[in-house]
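Participant:
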Amino acid sequence: MSLADLKIEKRVVKVAGQEVAVRGLSFADLTKLFVAHAREFNELLVAISDTERGQEAVLKIAIQYLSEKAEVLLAKIIAAAADEPGEYEAVLKIPGPAQLELLMAVVGLTFAEPEALGKFASNISGLLQMAAPALKTLSEATAQA
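Residue numbers (the working numbering): 892 to 1036.
1) Beta-carbon separation of L957 and L965 under 7 Å?
2) Kindly list the residues whose CB is nearer than 7 Å to the CB of L935, restricted to its own chain and excluding five residues on each side of it in sequence; keep chain order.
3) Which of the three DSSP states is assigned to A912 in this structure?
4) Is DSSP giving K923 helix, strand or coil here?
5) DSSP on K960, reduced to helix/strand/coil?
6) Can you check whether the CB of L924 is closer than 7 Å to the CB of K967?
7) Which residue comes first and which comes last in the beta strand (DSSP E) that contains K898?
8) Any idea if Q1035 is buried or exposed, counting beta-carbon neighbours within 10 angstroms, 16 or more meaning buried?
9) A996 and V913 - do their beta-carbons sit closer together than 7 Å?
10) For A927 and P976, I'd like the C-alpha separation in whole angstroms.
11) Kindly indicate which three-state DSSP category K905 falls into: helix, strand or coil?
12) In the DSSP assignment, find the unbroken alpha helix (DSSP H) run with M995 in it and report its ends.
13) Can you list, in chain order, the residues of its chain with a C-beta nearer than 6 Å to that of Y979? Leave out the 5 residues immediately preceding and following it.
14) Would you check if the distance between the CB atom of E900 and the CB atom of L1000 is smaller than 7 Å?
15) Is the beta carbon of A973 closer than 7 Å to that of V911?
Given below as structure tokens:
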């Protein structure tokens, strides 16, 4: 199969009698969200980095965190997955149960493989640790310029 033939799976959720289609988040989506919400993502990654808990427990922690502490991030996740990243403020007005259903669909599509969310968190954490010395050097060089 070629990339041109790749079909990205979407799920449809009814919101106020209308259908909203969402897909899993790409690495580009996740990167943009991470840059804009680094603190929230760091807290979330720390909370879910223990892959021994199992996929279901990790998903529960992630969804609970997003719904309780990061409502704007949650809205931006849903808007990006609906291919309308600029419409996150509209997502904030969607009733809570529908937001949660949309988020569940996005998370399920993004991390469809068993243990995928925990592995992703571990990989990102490792990548950030590897990049930390280079980022520090870059920051110091920029400060001296």
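Backbone N, C-alpha and C define an ideal beta-carbon position, used for all residues, glycine too.
All values derive from a computational prediction rather than experimental measurement.
Facilitator: Reading off the structure:
1) Along the sequence shown, read from residue 1 onward, the residue named residue 957 stands at position 66. Along the sequence shown, read from residue 1 onward, the residue named residue 965 stands at position 74. Yes; because the gap between Cβ atoms is below 7 Å, this pair is in contact.
2) Position 44 of the sequence shown holds residue 935. Excluding positions up to five away in sequence, the list reads A953, Y956.
3) Taking the sequence shown and counting its residues from 1, the one referred to as residue 912 is at position 21. Three-state result, A912: strand.
4) On the sequence shown, position 32 is the one that residue 923 refers to. Three-state result, K923: helix.
5) Numbered from 1 along the sequence shown, position 69 holds the residue referred to as residue 960. Helix at K960.
6) The sequence position of residue 967 within the sequence shown is 76, counting from 1. The sequence position of residue 924 within the sequence shown is 33, counting from 1. Yes, the Cβ-Cβ distance between K967 and L924 is below 7 Å.
7) For the purposes of this step, residue 898 is identified with residue 7 of the sequence shown, where counting begins at 1. Note, K898: premise wrong, no beta strand (DSSP E); not H, not E.
8) On the sequence shown, position 144 is the one that residue 1035 refers to. So Q1035 ends up on the exposed side.
9) Your numbering for residue 913 matches position 22 in the sequence shown. Your numbering for residue 996 matches position 105 in the sequence shown. In contact: V913 and A996 (Cβ atoms closer than 7 Å).
10) Residue mapping note: residue 927 aligns to position 36 of the sequence shown, counting from 1. Residue mapping note: residue 976 aligns to position 85 of the sequence shown, counting from 1. Cα-Cα distance, rounded: 13 Å.
11) As a position in the sequence shown, residue 905 is number 14, starting the count at 1. Here K905 sits in strand by DSSP.
12) Mapped onto the sequence shown, residue 995 falls at position 104. Note, M995: alpha helix (DSSP H), 987-1001.
13) Locating residue 979 in the sequence shown gives position 88, where the first residue counts as 1. Result list for Y979: A966, K967, A970, in chain order.
14) Position 9 of the sequence shown, counting from 1, holds the residue named residue 900. Position 109 of the sequence shown, counting from 1, holds the residue named residue 1000. Yes; because the gap between Cβ atoms is below 7 Å, this pair is in contact.
15) Taking the first residue of the sequence shown as position 1, residue 911 is located at position 20. Taking the first residue of the sequence shown as position 1, residue 973 is located at position 82. Yes; because the gap between Cβ atoms is below 7 Å, this pair is in contact.
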